[in-house]
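To start, the structure itself, in structure tokens.
2 protein chains.
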Amino acid sequence: MSDTTVTAALLIIGNEVLSGRTQDANLLHLARVLNEAGVQLREARVVPDVETEIIAAMNALRQRYDYLFTTGGIGPTHDDITAEAVARAMGRPLMENPEARRRLETHYRAAGLELTEARLRMARTPEDAILIDNPISSAPGFQVENVFVLAGVPKIMQAMLDHIKSRLRGGQRVLSHTVSCNLGEGIIAAGLGEIQRRYPQVDIGSYPRFGASGSFRVAVVLRHTDTDLLTTAAHEVATLIQHLGGEVEQITVDA
Amino acid sequence: MSDTTVTAALLIIGNEVLSGRTQDANLLHLARVLNEAGVQLREARVVPDVETEIIAAMNALRQRYDYLFTTGGIGPTHDDITAEAVARAMGRPLMENPEARRRLETHYRAAGLELTEARLRMARTPEDAILIDNPISSAPGFQVENVFVLAGVPKIMQAMLDHIKSRLRGGQRVLSHTVSCNLGEGIIAAGLGEIQRRYPQVDIGSYPRFGASGSFRVAVVLRHTDTDLLTTAAHEVATLIQHLGGEVEQITVDA
């Protein structure tokens, strides 16, 4: 791994994802934002609202990757235990953050709502946490060392991520080229494996999809930081497809 | 944990989920099917197409939970390495499964397509694996001990899961009642925590959502195996909401 590779993991905290109540939308969004920032998402885990589970996963992930993001469990109810879990995992006391409290006071006063004791729980962070703005409902997320604690509600999670993007020290950005064709995976597999062997540094993935006729078609995705290398390798994939009698339907470049 | 609690984990294998190319749909579907079968999904992980990562996650999860399901990585291309990884993780040789080969031969003959060497890779399983039917594209999944290896394409994954549902020895089914109301989490939180303390065995979750006016509303989800207990606890939640001046908008029973 070169010095310019920056990695991250995501820890999704929430019974509702594991029970099938809620479709997670945060992984996809985080992956895309991180990719733009030059950070590679390498692992994700979903754990229930159980403190020991959260702490174990958090410690495994924050030590292994450059950044750890968590989503979920920072609301005002009894099942919101992420702040406590982070404090315990990182050996810091949990405290009421004065700036977080001030933001909640302002928000609820303006809304004509009572800042209940339960809502005040959302002002608690581990000691010396850096707050993450929440422009939607004011209750902040927070950063402690390399751990970023975000809300679970996608709209708020996305706003928080916007706010911290500039804090992330990204490495080289991984670019991708996608070559779509009208052949099945089983037809291009041998030649594609050959190309992968000649370009071991390029991450080449093959993704089947159903064609109109019910037959499989395939999208080949090539990923690397070097756009020239990608262009060359993608050209080889396109040539392979044509040699096999197929048609390259589309080449997409996400640069 | 009682004898009648049966647990499971899901291991999602695929760079495409971590890169933000693909929105996973298998976790949600698996969670719902398992729930109906009386199996509780307790953890999920997403790892890249890297053998050491797959093996490490697989061994951690299959030892800890009653069942482990994997999705992805069983196609014909070079990046499909799940079968090898399972064989290595479980200390069994990887072999060509004669019945799997027969199915592929039948399928490709009927389709007038060549059974290429790459496609034949899909006949490989760890020794003594039990096949899992694939009614869509024939290439089977397989079971080894408590590990079920499924396709990543949702349509195929779902068909495979249909096929194996009857093999799962479920425990008591976790039922849920959902009480939706027009109050915010911060209003009901104290009383809800009180109810949780009186019903420690019931899993009570609180999920905010945006109301029409931009304010937060909340759905309280109660989960337990005993429907009478759930009815009683849900009634207490409804009473709490009314005492607080709120309106119970809906009580949903997924029994």
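Going down the list, the protein sequences come from chains A and B. Residue numbering for the first sequence follows my numbering, starting at 308 and increasing by one per position. Residue numbering for the second sequence follows my numbering, starting at 308 and increasing by one per position. Ideal Cβ positions, reconstructed from N, Cα and C, are used throughout, including at glycine.
- prompt: Nearest-angstrom Cα distance between S309/B and A351/B?
  reply: With a pLDDT of only 47 at S309/B, under 50, the local geometry of the prediction cannot be trusted, and the value read off the model is given with reservation. For S309/B and A351/B, the distance between alpha carbons rounds to 22 Å.
Buried versus exposed call for A364/A [16 or more other C-beta atoms within 10 Å across all chains shown]: When all chains shown are included, A364/A counts as buried.
> Within the 7 Å Cβ cut-off, does S309/B reach chain A?
Replying inline: For S309/B, the predicted model reports a pLDDT of 47, less than 50, meaning its position is unreliable and no value from the coordinates is stated.
Exercise. Tell me, which residues are paired with M365/A by DSSP?
Worked result: Listed as beta-bridge partners of M365/A by DSSP are no residues whatsoever.
Query raised in the report: For the alpha helix (DSSP H) that T311/B lies in, which residues bound it at each end?
Result: In this chain, T311/B is not harboured by any alpha helix (DSSP H), its DSSP state being neither H nor E.
Assign G512/A to one of two classes, buried (16 or more other C-beta atoms within 10 Å of its C-beta) or exposed (fewer than that).
Note on G512/A: 16 or more other CB atoms within 10 angstroms of its CB, so buried under the neighbour-count rule.
Q) Is it buried or exposed for E318/B, if we count other Cβ within 10 angstroms and need 16 for buried? A) Checking the displayed sequence, the identity of residue 318/B turns out to be Leu instead of Glu. Around the Cβ of L318/B, a 10 Å sphere holds 16 or more other Cβ atoms; the residue is buried.
Starting from the beta carbon of E323/A, find every residue of chain B whose beta carbon is closer than 8 Å, and list them in chain order. Near E323/A (Cβ distances below 8 Å), the residues of chain B are G512, Y514, V528.
| task | Determine, using beta carbons only, whether P383/A comes closer than 7 Å to chain B. | result | At least one chain B Cβ lies under 7 Å of P383/A.
Check: In the DSSP assignment, what residue or residues form a beta bridge with V433/A?
Finding: The sequence shown places Pro at residue 433/A, not Val. Its beta-bridge partners are L401/A.
* At 4 residues or longer, and completely inside the stretch 325-396 of chain A: list those alpha helix (DSSP H) runs for me, N to C. => Segments of the alpha helix (DSSP H) lying fully in the stretch 325-396 of chain A: 333-343, 358-371, 389-396.
| said: Can you look up Y506/A in the DSSP assignment and give me helix, strand or coil? | reply: Here Y506/A carries a coil assignment [DSSP, helix/strand/coil].
Closer than 7 Å by C-beta to N453/A: which residues in its own chain qualify, once you throw out the five before and the five after it? Chain order, please. The beta carbon of N453/A sits closer than 7 Å to the beta carbons of R369, D373, Y374, L375 from its chain, once the five residues preceding and following it are set aside; these are given in chain order.
Self-check item: Pairwise C-alpha distance: I471/B and V451/B
Solution: Looking at the two C-alpha atoms, the distance is approximately 13 Å.
**Message:** Let me check one thing: in DSSP terms, what residues is L258/B bridge-paired to?
**Reply:** Residue 258/B lies beyond the range of chain B shown here (308 to 562); nothing can be said about it.
Could you spell out the range, first to last residue, of the beta strand (DSSP E) harbouring I558/A?
Boundaries of the beta strand (DSSP E) around I558/A: 555-561.
Which partner residues does I439/A have in the DSSP bridge list?
Looking at the DSSP output, I439/A sits in a beta bridge with G448/A.
- Could you work out which residues of chain A lie near N342/B, taking near to mean beta carbons separated by less than 8 Å? Residues of chain A passing the Cβ test: S326, G327.
Residues of its chain near E556/B, where Cβ-Cβ distance is below 7 Å and the 5 sequence neighbours each way are ignored = Here E556/B has S487, C488, N489 as same chain residues with Cβ atoms under 7 Å from its own Cβ, once five neighbours each way along the sequence are excluded.
Q) Considering only C-alpha positions, which residue in the set I439/A, H414/A, A436/A is nearest to L427/A? A) Taking only the C-alpha atoms, the option nearest L427/A is H414/A.
request  = Please check if any C-beta of chain A sits within less than 7 Å of the C-beta of L551/B.
outcome  = By this cut-off, L551/B is not an interface position.
query = If we cut at 7 Å on Cβ distances, does A363/A have a partner in chain B?
reply = The beta-carbon of A363/A is placed no less than 7 Å from the nearest beta-carbon of chain B.
- Message: Output needed for T389/A: all residues of its chain with C-beta closer than 8 Å, excluding positions within five of it in sequence on either side, in chain order.
- Response: These residues qualify, in order along the chain: I320, I361, T377, G379, G380, I381, V456.
- If you count every other CB in all the chains shown that lies within 10 Å of the CB of E434/B, and 16 or more means buried, which is it? The residue in question, E434/B, is exposed, as its Cβ has fewer than 16 Cβ neighbours within 10 Å.
task = Quick one: which residues of the stretch 408-431 of chain B get their C-beta closer than 7 Å to a C-beta of chain A? List them in chain order.
result = Of all residues in the stretch 408-431 of chain B, those with a C-beta nearer than 7 Å to a C-beta of chain A are T423, E424, A425, R426, reading in chain order.
**OP:** Check each candidate in R431/B, T423/B, G478/B and name the one with the smallest Cα separation from R399/B.
**Re:** The shortest Cα separation from R399/B among R431/B, T423/B, G478/B belongs to R431/B.
Q) Helix, strand or coil: which one does DSSP assign to V528/A? A) Three-state DSSP puts V528/A in a strand.
task = Would you kindly work out how many angstroms separate the C-alpha atoms of A367/B and E554/A, rounded to a whole number?
result = Cα-Cα distance, rounded: 43 Å.
- Query: Is there at least one Cβ from chain A nearer than 7 Å to V354/B's Cβ?
  - Reply: Output row for V354/B: interface = yes.
DSSP three-state call for T485/A: helix, strand or coil?
In the structure shown, T485/A sits in a strand (DSSP, three-state: E or B).
If contacts are defined as beta-carbon pairs under 8 Å, then A315/A and L334/A qualify, I think. What distance do you get, rounded to the angstrom?
Actually they are not in contact, since the Cβ atoms of A315/A and L334/A sit about 11 Å apart, beyond 8 Å.
Q. When you compare each of G419/A, G478/A, R504/A to T532/A by their alpha carbons, which one comes out closest?
A. For T532/A, the nearest C-alpha among the options comes from G478/A.
query: Under a three-way DSSP split, which group does V460/A fall into?
result: Annotated three-state conformation of V460/A is coil, per DSSP.
### Limits of the unbroken alpha helix (DSSP H) element including D535/A
Start and end: 534-550.
How would you list, in chain order, the residues of chain B whose beta-carbon sits under 8 Å from the beta-carbon of F523/A? Within chain B, the residues near F523/A are S444.
Taking C-beta pairs closer than 9 Å, name the residues in chain B that E492/A reaches, listed in chain order. Simply G382, P383, T384, D387, A425, R426.
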